[in-house]
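Protein chains in written order, with my numbering: chain A, 3 to 275; chain B, 3 to 275; chain C, 3 to 275; chain D, 3 to 275.
See structure below.
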């Protein structure tokens, strides 16, 4: 409809900003970046396993530089096109705003391993650099409209969820304290202080139950039994809240879509189901 | 009502195709095949246990051949009656379509152990052949109308479930990476790479908690505690989605049945409950 | 309102039959029997622990005979008053009907330890007799109106629950078979046959995760990881069904109570909440 | 609006009583006390760990006395302002009523460690005193309006929850008895009595599954498998009840807020979302 063809910067901006993309789904550029992120996470995961890395150092090094280069180019492009978001202000301000935005900082953090590479064979730094590369994974969330649905469902129950977390935290501290009192003498290594008891309390209240620590005295087991039953409630409370939240969010989405379809004036011939 | 009696092929087709069967429930032929499948799965299960198999080789061999023969006959009959599904096209095309359909391939796969039997005493092949026999189990799903209800409930929440799986996958990768960074030095065998850490991350996030691997350092345990609490959310999200899906699907089914009963014009005298 | 006082047999019948009792809650006789059952279960539980039993044989023997005598008297009374349920038929038929009813058989089974007591110091028989005494516990279900609510909620979702159990059973067999194929060579003791694998499969799919058996090979762990994630679904399906069932049953109960209150003509002045 | 400035006692009373505070949220005084409670719980937690306590005895001793002094002052102030709750009665009666109220007793209990401090280096008493300090945590519940929401949601399903606990208790006793009968001979240490079996039964039915005790006989494992599957139901029942309760409570709260907003006569211009 527009008689003039938009500039390259404008077209790149529309491609890279999920909210600017007019059609449903993701833009071709973001689809490709998404796939590259998944591929890069897979490479970083396999690279960490020495039995896979050994003998393939060259391949992994090449892939790292290649992927790092692409993501660096993407980052620089995003800085270049940033002024399109605010065409009236000065370009440098829009660019600075992108660089210090959470998305921009996340991008930079995920790029930093490229620079850390040459710090020598310090095991911890290497592992940390790999973790930063895997942080790219979190960038995927920005691209998806479905993620917004999840956020909305969680946000609508903010208060209840915070309350659930507080109740869970209180239960955790009180359970750990109780076992510290009754079991601390018998197993000082595992229950000799409240922070130590907490490892057991978390494993029990979440029903993970590793079994590396467990009460051995009679009274400790009776207390642990009551706490384990309360652990069911701990699961039941957030489950109940989230179940209701998702049910409501999905229903509202359906109502909104139905309303949009009616407002559009004609049914698209899709089966009613 | 039809003045002519339908042909044998037609009658067999109606018996064997769950959707063609006019009455409620399963046809007599499918009921018998269903029971034979259950029996055959039971036989294959017991046969795999050497303490039961030893001394009863003859019985198991006979049962295998007998059941294999019946299922072979069923498979050939299904090929023979296939043209009834498309009476106007050529018979060979309908038959080929059945053979290459998922149901037809599943049938053939479950029959193949009959041929693999003589491959000698190679342990892995024998186990694989038994697994194929147990695949028959999956055929039961085709016979049941209730299975369609389950499918419908899941399909109606396709998007939310895919989203839940993606969030769970992301949480899994990030949890494994975190523990790899903080616990990798202390336990290189269990946390020395991201794929290794993932075994721990799955056991924790699903709350299975085998306990064969668990963090032992202070900081590792603090991180693991946070991840275990997030594991509750991992369970809560699909549970919430499925709870809402089943609730809605069951309600719609009731509304549909109610509508069908009213359309029928008279109440069948069943108690209102 | 009745001018004649009902007979002793009639009054006992009304006291002992939960459905005959006109007021809300349980009748005094059933309340006392319920408490005696709880007490008797507690006695049988403590008696099984040798460190508690040793030195207190006399007390336990006396309590057993006393409680056994009371429950025997209750059983005989129930036989005596049975004809009140069907005043027009012959008395012996109503009594026989009670004796062969599930409730009557359960009563008799729970009494039988009184006779088994003198079978000598055979450990298994003694344990079995104690279990029969604890079966009395199941009798409590008959007394409670709330139990009927639970039954109703479960019955209304009969089909979905049966379906959920079938899906769970299928998943169990297929999981056990898969691990038997991929892990059988590495750990023949734990995964060397499908029944053996099932112990692991149950512990994983229910997320109990004892950790006494767990895959140790790479491929086994990858398969086990997928199965553990499916285990979440296994929990989510019945949870979703039951959540919806309870929600609906509770709502219907409220509607029914509301309707009953309105039909009564006046509000009982209770706060609206 | 009031022409006279209220007395100091009145103003303190309004600050300290969550229900008297006219604005939304907590009063400044209660906010500060809440933070001090959290800080004091953190101090008591860290102090119990000998590796942190050793060398910092002075700091912990000072913090203890300081926090104890503040909470003592708060307690005395609450006693002093208590008559404001009942201005017409005699002052001593209102004060006594506060001292013997649950909140007053909890306050006193949490203060008592100050006096127990000098009882010498008896390990158990020291641990018990620390537990009392952590009991302060429970006081936080009184300050929060959200806690009332949780209480209301649970109270509305009182009957179902009690029923769920009873079913769970029955299942627990019957499971423990069953395993005691079938596994008692093979593992007398872990299953040799019903109370011993109960430790296993709790770990299984709650799906915690420590793995310190697990059946090893064939028949014991078959029984344990059935019980573990029932454990899913044990989780599903309270989860279902709580999910419905929270869903309803949240909906009613929204309806109430909506009604309050309409009654207020004008919309506050907040986005409809």
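Virtual Cβ for every residue (Gly too), placed ideally from N, Cα, C.
Just verifying my parser: in three-state terms, what is the DSSP assignment at residue i?
i: residue 29 of chain D; result: coil
i: residue 214 of chain D; result: coil
i: residue 254 of chain A; result: helix
i: residue 275 of chain D; result: Confidence is the limiting factor: at residue 275 of chain D the pLDDT is only 37, short of 50, which leaves the residue's position unreliable and the question unanswerable from this model.
i: residue 1 of chain D; result: Look at the range of chain D in this structure, 3 to 275, and you will see that residue 1 of chain D is not part of it.
i: residue 92 of chain A; result: coil
i: residue 189 of chain B; result: coil
i: residue 24 of chain A; result: coil
i: residue 194 of chain A; result: coil
i: residue 7 of chain D; result: coil
i: residue 43 of chain B; result: helix
i: residue 102 of chain D; result: coil
i: residue 249 of chain B; result: helix
i: residue 206 of chain C; result: helix
i: residue 219 of chain D; result: coil
i: residue 269 of chain A; result: Residue placement at residue 269 of chain A cannot be trusted, given a pLDDT of 45 that sits under 50; what the coordinates show is reported in the next sentence. Reduced to three states, the DSSP call for residue 269 of chain A is coil.
If we count the other Cβ atoms within 10 Å of its Cβ and call it buried at 16 or more, is residue i buried or exposed?
i: residue 171 of chain B; result: exposed
i: residue 268 of chain A; result: Because residue 268 of chain A carries a pLDDT of 49, less than 50, the predicted location of this residue cannot be relied on, and the following value inherits that uncertainty. Label assigned to residue 268 of chain A: exposed.
i: residue 30 of chain B; result: exposed
i: residue 165 of chain C; result: buried
i: residue 18 of chain A; result: buried
i: residue 22 of chain C; result: exposed
i: residue 109 of chain D; result: buried
i: residue 58 of chain B; result: exposed
i: residue 206 of chain B; result: buried
i: residue 160 of chain B; result: exposed
i: residue 263 of chain C; result: exposed
i: residue 238 of chain C; result: buried
i: residue 53 of chain C; result: exposed
i: residue 192 of chain B; result: buried
i: residue 90 of chain A; result: exposed
i: residue 86 of chain A; result: buried
i: residue 103 of chain D; result: exposed
i: residue 220 of chain A; result: exposed
i: residue 60 of chain C; result: exposed
i: residue 94 of chain C; result: exposed
i: residue 270 of chain C; result: Any answer about residue 270 of chain C is weak, because its pLDDT of 46 lies below 50 and its placement is not dependable; what the coordinates show is given next. Result: exposed.
i: residue 195 of chain A; result: buried
Where do the ends of the alpha helix (DSSP H) carrying residue i lie?
i: residue 55 of chain D; result: 52-55
i: residue 170 of chain D; result: 160-185
i: residue 86 of chain C; result: Element bounds for residue 86 of chain C: n/a, residue is neither H nor E.
i: residue 13 of chain D; result: 10-18
Do residue i and the ligand PLP come close, with the Cβ less than 7 Å from some heavy atom?
i: residue 198 of chain C; result: Of the ligands one can find in the structure shown there are none, so the ligand PLP has no counterpart to examine.
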